[in-house]
Amino acid sequence: MFDIQAYGRWNITDNIWINITDTTISTWIVGAVLIALAIIVRIKMKKFKPVPESRFQNIIEALVEFFDNHVTSIMTKKYAHFGAWFFGIFLFLLLSNISGIFGMRPATADLAVTFPIAFITVILMQVMGIRYNMKKGEYIREFFRPVFIFFPLNVISDLSRSVSLSLRLFGNMFGGLVLMGLVYALFPRVLTIGIPGFLSLYFDLFVGALHAFIFITLSMYFLMMKAPQEE
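All the letters of the sequence shown, read from the start, carry residue numbers 0 to 230 under numbering that gives the first Met the number 0.
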């Protein structure tokens, strides 16, 4: 259960192959679900009313309002436009993390998925710093504080955030995957709807939702470190 299985290979050239793994399949499924949800919400929005009358509209508005308030509380209204990006990432991570409930391998249990997402946060940090601090020279001076010999350490510190973010999420999800595999191996198949099922709900649902929320929260804090200091 712990090995990444390859379901097929695409031959690009004689020396380059692309493996279609269970992580790839999980990512495709999660992406398809998100696209389907986006289409459904878009269609339903045409029927939305100023005062919600349907449970669906209440759920969507509550989710968006909660996330918008969370983004604003960390990034202030000036930078709240980043919320759309983080909302999309949160939904992707959430569905990926809880996909284990449906028998799939969580895509986030693969470092090849978590690291690129975390690295994008580092790129956004630099974009934030350049856009809002370059004119004042703060973006450049920040790398030489407290003295110029700290320049290499400050650069490494920025880059290491992508490593810490990705490893935190990957470690927790992969650890839960391994633990659940061991638990299921200890019980006969007839009994897997008992204790293993309860543990699956905990690791896949609760822990998955928690770490998706922690990931985007830390990402927003990292971005605000590059915002103008007076704000």
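No residue lacks a Cβ here, since even glycine has one placed at the ideal position from N, Cα and C.
Simplified DSSP assignment, three categories, for residue i
i      : result
Thr107 : helix
Thr20  : strand
Thr120 : helix
Ser199 : helix
Ser53  : coil
Val146 : coil
Thr113 : helix
Thr75  : coil
Phe91  : helix
Phe233 : The structure shown does not extend to residue 233, since the chain is modelled only from 0 to 230, so the question has no answer here.
Phe86  : helix
Phe214 : helix
Lys46  : coil
Residues of its chain near residue i, where Cβ-Cβ distance is below 6 Å and the 5 sequence neighbours each way are ignored
i      : result
Met219 : Ile73, Met74
Met0   : Legend: pLDDT at Met0 = 39, less than 50; position of this residue unreliable, value from coordinates given subsequently. Gly180, listed in sequence order.
Met224 : none
Phe150 : Phe142, Phe143
Trp84  : none
Alpha helix (DSSP H) segment containing residue i, residue limits
i      : result
Tyr244 : Residue 244 lies beyond the residue range present for the chain, which begins at 0 and ends at 230; the question has no answer from this structure.
Met224 : Unbroken run through Met224: none, as it is neither H nor E.
Lys101 : Sequence inspection shows Phe at residue 101; the Lys mentioned does not correspond to that position. That residue, Phe101, is in no alpha helix (DSSP H); it is neither H nor E in DSSP.
Beta-carbon proximity check, residue i vs residue j, cutoff 8 Å
i      : j      : result
Gly207 : Leu36  : no
Phe214 : Leu168 : yes
Pro105 : Met172 : yes
Leu181 : Phe202 : no
Asn96  : His210 : yes
Leu222 : Phe81  : yes
Ala108 : Leu176 : yes
Met124 : Asp157 : yes
Val29  : Phe91  : yes
Thr26  : Val112 : yes
Phe142 : Val154 : yes
Same chain, Cβ closer than 7 Å to residue i, neighbours up to 5 away in sequence not counted
i      : result
Ile129 : Tyr138
Gly174 : none
Leu204 : Ile97, Ile100
Glu60  : Pro51
Ile122 : none
Same chain, Cβ closer than 8 Å to residue i, neighbours up to 5 away in sequence not counted
i      : result
Val32  : Leu94
Asn57  : Pro51
Ser199 : Gly99, Ile100, Met179
Ala79  : Asp67, Val70, Thr71
Thr120 : Arg160, Ser161, Leu164, Ser218, Phe221, Leu222
Thr216 : His69, Ile73
Thr22  : Ile3, Arg104, Ala106, Ala108, Asp109, Ala111, Val112
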